[in-house]
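Residue numbers (the working numbering): 138 to 285.
(1) Straight-line CA distance for residue 139 to residue 146?
(2) Quick one, which of 198, 185, 170 and 201 has its alpha-carbon nearest residue 192's?
(3) Can you tell me whether DSSP reads residue 156 as helix, strand or coil?
(4) Take residue 187 as the anchor and find which of 165, 228 and 216 has the nearest alpha-carbon.
(5) Please confirm whether residue 196 and residue 164 have their CB atoms less than 8 angstroms apart.
(6) Can you look up residue 172 in the DSSP assignment and give me helix, strand or coil?
(7) Based on the DSSP output, what are the partners of residue 201 in its beta bridges?
(8) CB residue 233 to CB residue 203, shorter than 8 angstroms?
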């Protein structure tokens, strides 16, 4: 694995759910599919009623999750994932994601992440619980839910 991929893997493995599967060869294969994206503050990543085929990992920066009416649902920071809810619904996005500050994102293609999640029970459980908790407890940062 080259240096850039090793850095991506190390960054992922500092956060749930990747830290529980750091040594799994499937995670190493998934890392090879990741694209790095840099966005300036105020840019939209996902818009409502569009198709999303990407799981996003926030490497640095901050993202806000907005309703169709552009009301704040929650804020996400380094180490958090987003885009999984629309992927689990077949790609249809019902909310938007916008950068609050300049952000560096890891883009994990859905085809790779879906085949990965089907094989990795821990990962799929994490994503499903994240979706449910985000709906029920949108005001609590995910990091507090999973690291308390």
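Every residue, glycine too, gets a C-beta built ideally from N, C-alpha and C.
If we stick to the structure as given:
(1) Straight-line Cα distance between these residues: approximately 11 angstroms.
(2) If you compare the alpha carbons of 198, 185, 170 and 201 with that of residue 192, the shortest gap goes to 170.
(3) Reduced to three states, the DSSP call for residue 156 is helix.
(4) Closest option to residue 187, Cα to Cα, is 228.
(5) With a cutoff of 8 angstroms on beta-carbon distance, residue 196 and residue 164 are scored as not near each other.
(6) Three-state DSSP puts residue 172 in a strand.
(7) Its beta-bridge partners are 212 and 235.
(8) Residue 203 is positioned such that its CB atom lies closer than 8 angstroms to that of residue 233.
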